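Read top to bottom, the protein sequences are chains A and B. Take any residue in the first sequence, count from 1 to its spot, add 1: that is its number in this note's numbering. Take any residue in the second sequence, count from 1 to its spot, add 1: that is its number in this note's numbering. Think of the CB as a built atom: it goes at the ideal place given N, C-alpha and C, for glycine as much as any other residue. All values derive from a computational prediction rather than experimental measurement.
2 protein chains.
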Amino acid sequence: MIPTKEQLLAARERIAPYIHQTPIFRSSTIDAMTGAKVLFKSEQLQRMGAFKMRGATNAILSLSDAQRAKGVVTHSSGNFGQAVALAARSLGVRAHIVMPDSATSVKRNAVAGYGGQIQLCASTLKAREAATAAIVAQTGATALHPSNALEVIIGNATAAMELLTEQPATDILIAPVGGGGLIAGTALAAHHFAEDCITIGAEPEAVDDAYRSLQSGRIETNQTTDTIADGLRTHLGDQNFPIIQKLVAQIIRVNEAEIIEAMRLLWERCKLVVEPSSAVALAAVLKQPETFRGKTVGLILSGGNVDLSKLPF
Amino acid sequence: MIPTKEQLLAARERIAPYIHQTPIFRSSTIDAMTGAKVLFKSEQLQRMGAFKMRGATNAILSLSDAQRAKGVVTHSSGNFGQAVALAARSLGVRAHIVMPDSATSVKRNAVAGYGGQIQLCASTLKAREAATAAIVAQTGATALHPSNALEVIIGNATAAMELLTEQPATDILIAPVGGGGLIAGTALAAHHFAEDCITIGAEPEAVDDAYRSLQSGRIETNQTTDTIADGLRTHLGDQNFPIIQKLVAQIIRVNEAEIIEAMRLLWERCKLVVEPSSAVALAAVLKQPETFRGKTVGLILSGGNVDLSKLPF
């Protein structure tokens, strides 16, 4: 059950007043290095600094008035928590964000700054789910999943839709793969709004669950989370996996040194503050140049929320 | 003897094929903090990463064919050396760049990567000037000054010209003050291409030679160069000082903590990789908000060439 073109168009119109249409950058240095025409869709300049704003906004706007009146809740220590907080505030909806008590003050302050009601809990998945369930039981709030919900996936698709509207001759879209919400949305956009445009995923070797999932035909998990690309440590879900199976051509894996080198290129040469997850996609293009040479490549820079005191340079 | 509107228009047309028309960014966070509408003219996305590309290109294009055939030379360990190297290569002109032997390999590699012929010398002004003079004597190359030459100043003016073309209702232009070439060019653009737009300079307290020069009426120098804004350690020259005296309304001084805080805002909130000199201009807006509140402020982000291993965060 692939979401339709009409669903995607409706989402784009629905969220347009609440998000930025982000710019597309190019770099002659990167083009020379890759032999490709690389279009950087710059979601680090999205509101709150990441594409997650799109999915969060679409998910909340897709709720009924009665649901919205009761608020929303999510458990996330990262970009999705911030995105839900900011999207909810923009829409006049109360947002509860469940965060592990290990979350840094930078992350707590960001969520609080966007008006999110923070609920701290122990740093385990079980504790987070319990805290979320308690808020649902107490308030009637709707729980939002960061990546495995169709309205989130469809909202995420709007980034690639914008890119394809501006650059209809794009041959390949490439995006990082974490929980699967961005790559599934990106592939949906290519499927509905481009001719002969394929979608490729990029994933750290250390957390290559999606690569293995495509091989085995079932959702695989990761034994470790030992990658600098902290946004990509999660695994796929039952809503996005079928879309990925059907519409993603391949997943390219990159190692940690390749991620850091690509991140350095994006910062030093392109002057773009992006998070390591974004660099994973460029690292994949650099690693497997024969796939991209001579092509127009739309690369989704997922976000730019990094802790400046913890850079790998 | 203020350069004319026609000279500026001719320069803009002359250099257009060789430079980027850089984008203008806005940030709702910065607007909320300042009460102003701040337009970030993003010269960090200029070719080679800084506005200096404009002045260097205009200076070389203003030479006669006979002069160009003999090449150009400059002594600079920073952005201007790289700008001359790249501009010269784009125009098929030989460029000699005199650099102190203390220059980091990063800077040498950048100049060499742009095709510049590096001549190392001792790390004193006397040694640099001697090495430059020797190259002039030997090759007939034309020596280019980074900031105190009219064609460089006029080339630099094109950044603010672009901004005023896109945003004609700009009330205030603000730019950092180092050798005086950028602020003089910016003030010229405001003078010729805007009505009631004033120009303000921003300078580190530690190297406030321009502030003192406007007070005393003669070119002052700095006793120390103890600022993170390494592009602003130089002093004004006889070509740009009269322009600055006539057309710059005031200079706002900021301390090192204020510069670093503004730089953090630009990186963390705006996702822009900018050098400390660029942050000096934002720091000035934040320091003296009553001057800017309710105004449309065009802020020239001078460049983005930083050593990622030496960030102040």
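Exercise for review: Would you kindly work out how many angstroms separate the C-alpha atoms of residue 293 (chain A) and residue 93 (chain B), rounded to a whole number?
Suggested key: Within the first sequence, the letter at position 292 stands for residue 293 (chain A). Within the second sequence, the letter at position 92 stands for residue 93 (chain B). Each residue's Cα considered, the two are about 31 Å apart.
Review point. Between which two residues does the alpha helix (DSSP H) containing residue 213 (chain A) stretch?
Key: The residue labelled residue 213 (chain A) in the question sits at position 212 within the first sequence. It spans 210 to 217 - the alpha helix (DSSP H) in which residue 213 (chain A) sits, taken as one unbroken run.
Exercise for review: May I ask you to list the residues that DSSP assigns as paired with residue 43 (chain B)?
Suggested key: Position 42 of the second sequence, counting from 1, holds the residue named residue 43 (chain B). According to DSSP, which records beta bridges pairwise, residue 43 (chain B) is partnered with B:302.
Practice item. Could you please tell me which residues of the region 265 to 277 of chain A, in chain order, have their CB closer than 7 Å to any CB of chain B? Key: For the region 265 to 277 of chain A, residues whose beta-carbon sits nearer than 7 Å to a beta-carbon of chain B comprise 265, 268, 269, 272, 273 and 274.
Check your understanding: What residue from B:106, B:119 and B:67 has the CA that sits closest to residue 1 (chain B)'s CA?
Key -> This structure cannot settle anything about residue 1 (chain B), because the visible part of chain B is limited to 2 through 314.
Check your understanding: Of all the alpha helix (DSSP H) runs that stay within the bounds of the region 120 to 145 of chain B, which reach a length of 4 or more residues?
Key -> 126 to 140
Check your understanding: Closest by CA to residue 304 (chain B), which one among B:286, B:160 and B:173?
Key -> Within the second sequence, numbered from 1, the residue matching residue 304 (chain B) stands at position 303. The shortest Cα separation from residue 304 (chain B) among B:286, B:160 and B:173 belongs to B:160.
Check your understanding: Out of curiosity, what's the CA-to-CA distance linking residue 169 (chain A) and residue 115 (chain B)?
Key -> On the first sequence, residue 169 (chain A) is found 168 positions in, with the first residue counted as 1. On the second sequence, residue 115 (chain B) is found 114 positions in, with the first residue counted as 1. So the two alpha carbons sit approximately 33 Å from each other.
Check your understanding: Looking only at C-alpha atoms, which of A:70, A:78 and A:187 sits nearest to residue 171 (chain A)?
Key -> Position 170 of the first sequence holds residue 171 (chain A). Selected option, being the one with the closest Cα: A:187.
Check your understanding: What is the DSSP secondary structure of residue 21 (chain B), reduced to helix, strand or coil?
Key -> Taking the second sequence and counting its residues from 1, one reaches residue 21 (chain B) at position 20. It is coil, neither helix nor strand.
Review point. Do you know offhand how far residue 150 (chain B)'s Cα is from residue 208 (chain B)'s?
Key: The count along the second sequence starts at 1 and reaches residue 150 (chain B) at position 149. The count along the second sequence starts at 1 and reaches residue 208 (chain B) at position 207. If you take the alpha carbons of residue 150 (chain B) and residue 208 (chain B), they lie about 21 Å apart.
Practice item. Inspect the beta-carbon positions of residue 178 (chain A) and residue 144 (chain A) and report whether they are closer than 8 Å. Key: Within the first sequence, the letter at position 177 stands for residue 178 (chain A). Within the first sequence, the letter at position 143 stands for residue 144 (chain A). The Cβ atoms of residue 178 (chain A) and residue 144 (chain A) lie no closer than 8 Å to each other.
**Study point:** Element boundaries [alpha helix (DSSP H), containing residue 58 (chain A)]
**Key:** Looking up residue 58 (chain A) in the first sequence gives position 57. Start and end: 53 to 62.
Check your understanding: Between which two residues does the alpha helix (DSSP H) containing residue 174 (chain A) stretch?
Key -> Numbered from its first residue, the first sequence carries residue 174 (chain A) at position 173. Looking at the DSSP string, residue 174 (chain A) is not in any alpha helix (DSSP H); the run it does join, the beta strand (DSSP E), is 173 to 177.
Review point. Any C-beta of chain A sitting closer than 8 Å to the C-beta of residue 45 (chain B)?
Key: On the second sequence, position 44 is the one that residue 45 (chain B) refers to. Answer yes: the Cβ-Cβ gap between residue 45 (chain B) and chain A drops below 8 Å somewhere.
Exercise for review: Would you give the residue range spanned by the alpha helix (DSSP H) that residue 292 (chain B) belongs to?
Suggested key: Reading the second sequence from its first residue, position 291 is the one you call residue 292 (chain B). 290 to 293 is the span of the alpha helix (DSSP H), which, as asked, contains residue 292 (chain B).
Review point. When burial is assigned at 16 or more other CB atoms within 10 Å of the CB, is residue 214 (chain A) buried or exposed?
Key: The count along the first sequence starts at 1 and reaches residue 214 (chain A) at position 213. Label assigned to residue 214 (chain A): buried.
Review point. Under the three-state reduction of DSSP, which class applies to residue 31 (chain B): helix, strand or coil?
Key: Numbered from its first residue, the second sequence carries residue 31 (chain B) at position 30. Helix.
Review point. Who are the neighbours of residue 305 (chain B) on chain A, taking C-beta pairs under 7 Å?
Key: The residue given as residue 305 (chain B) occupies position 304 in the second sequence. Residues of chain A with a Cβ closer than 7 Å to the Cβ of residue 305 (chain B) are, in chain order, 272.
Check your understanding: Can you list, in chain order, the residues of the region 44 to 64 of chain B whose Cβ is nearer than 7 Å to any Cβ on chain A?
Key -> 45, 46 and 50
Check your understanding: Which same chain residues, not among the five before or five after residue 242 (chain A), have their C-beta less than 6 Å away from its C-beta?
Key -> In the first sequence, counting from the first residue as 1, residue 242 (chain A) sits at position 241. So the qualifying residues of the chain are 220.
Point to revise | Option in A:194, A:184, A:175 and A:70 with minimal Cα separation from residue 166 (chain A) | key: For the purposes of this step, residue 166 (chain A) is taken as the residue at position 165 of the first sequence. Comparing Cα-Cα distances from residue 166 (chain A) to each of A:194, A:184, A:175 and A:70, the minimum goes to A:194.
Review point. Can a CB atom of chain A be found closer than 8 Å to the CB of residue 314 (chain B)?
Key: Counting from 1 along the second sequence, the entry for residue 314 (chain B) is found at position 313. Interface residue, yes.
Exercise for review: Identify whether residue 296 (chain A) lies in helix, strand or coil by the three-state DSSP scheme.
Suggested key: Position 295 of the first sequence, counted from the start, is the residue given in the question as residue 296 (chain A). In the structure shown, residue 296 (chain A) sits in coil (DSSP, three-state: anything other than H, G, I, E or B).
Review point. Are the Cβ atoms of residue 42 (chain A) and residue 30 (chain A) separated by less than 8 Å?
Key: One-based indexing of the first sequence puts residue 42 (chain A) at position 41. One-based indexing of the first sequence puts residue 30 (chain A) at position 29. No. Outside cutoff.
Exercise for review: Let me know the secondary structure DSSP gives residue 112 (chain A) once reduced to three states.
Suggested key: Taking the first sequence and counting its residues from 1, one reaches residue 112 (chain A) at position 111. Note: residue 112 (chain A) maps to helix in three-state DSSP.
Point to revise | Integer Cβ distance of residue 52 (chain B) from residue 267 (chain B), believed to fall under 8 Å | key: In the second sequence, the residue the question calls residue 52 (chain B) occupies position 51. In the second sequence, the residue the question calls residue 267 (chain B) occupies position 266. The Cβ separation is near 16 Å, so there is no contact.
Review point. Any residues in the region 222 to 243 of chain B with a beta carbon nearer than 8 Å to a beta carbon of chain A? Which ones, in chain order?
Key: Per Cβ criterion, the list is empty.
Check your understanding: Are the region 221 to 235 of chain B and the region 276 to 285 of chain B touching, with three or more C-beta to C-beta distances below 8 Å?
Key -> yes
Review point. What do you get for residue 126 (chain A), buried or exposed, if any count of 16 or more other CB atoms within 10 angstroms of its CB means buried?
Key: Along the first sequence, one-based indexing puts residue 126 (chain A) at 125. Result: exposed.
Review point. Residue 71 (chain B) and residue 141 (chain B) look like a contact to me (Cβ under 8 Å); what is the Cβ gap, rounded to whole Å?
Key: Looking up residue 71 (chain B) in the second sequence gives position 70. Looking up residue 141 (chain B) in the second sequence gives position 140. At roughly 4 Å, the Cβ-Cβ gap stays under 8 Å, so residue 71 (chain B) and residue 141 (chain B) are in contact.
Check your understanding: DSSP on residue 272 (chain B), reduced to helix/strand/coil?
Key -> For this step, residue 272 (chain B) is matched to residue 271 along the second sequence. Three-state DSSP puts residue 272 (chain B) in coil, outside helix and strand.
Exercise for review: Report the three-state DSSP secondary structure of residue 6 (chain B) (helix, strand or coil).
Suggested key: The residue you call residue 6 (chain B) lines up with position 5 of the second sequence. Here residue 6 (chain B) sits in helix by DSSP.
Practice item. Return the residue from the list B:246, B:98, B:311 and B:122 that minimises the CA-CA distance to residue 112 (chain B). Key: Here residue 112 (chain B) refers to the residue found at position 111 when the second sequence is read from its first residue. Out of B:246, B:98, B:311 and B:122, B:98 has the C-alpha closest to the C-alpha of residue 112 (chain B).
Review point. Would residue 24 (chain B) count as contacting chain A if we go by Cβ distances under 8 Å?
Key: To locate residue 24 (chain B), count along the second sequence from 1; it is residue 23. By this cut-off, residue 24 (chain B) is an interface position.
Review point. Cα separation between residue 75 (chain A) and residue 95 (chain A)?
Key: In the first sequence, the residue the question calls residue 75 (chain A) occupies position 74. In the first sequence, the residue the question calls residue 95 (chain A) occupies position 94. Cα to Cα, the separation comes out at about 12 Å.
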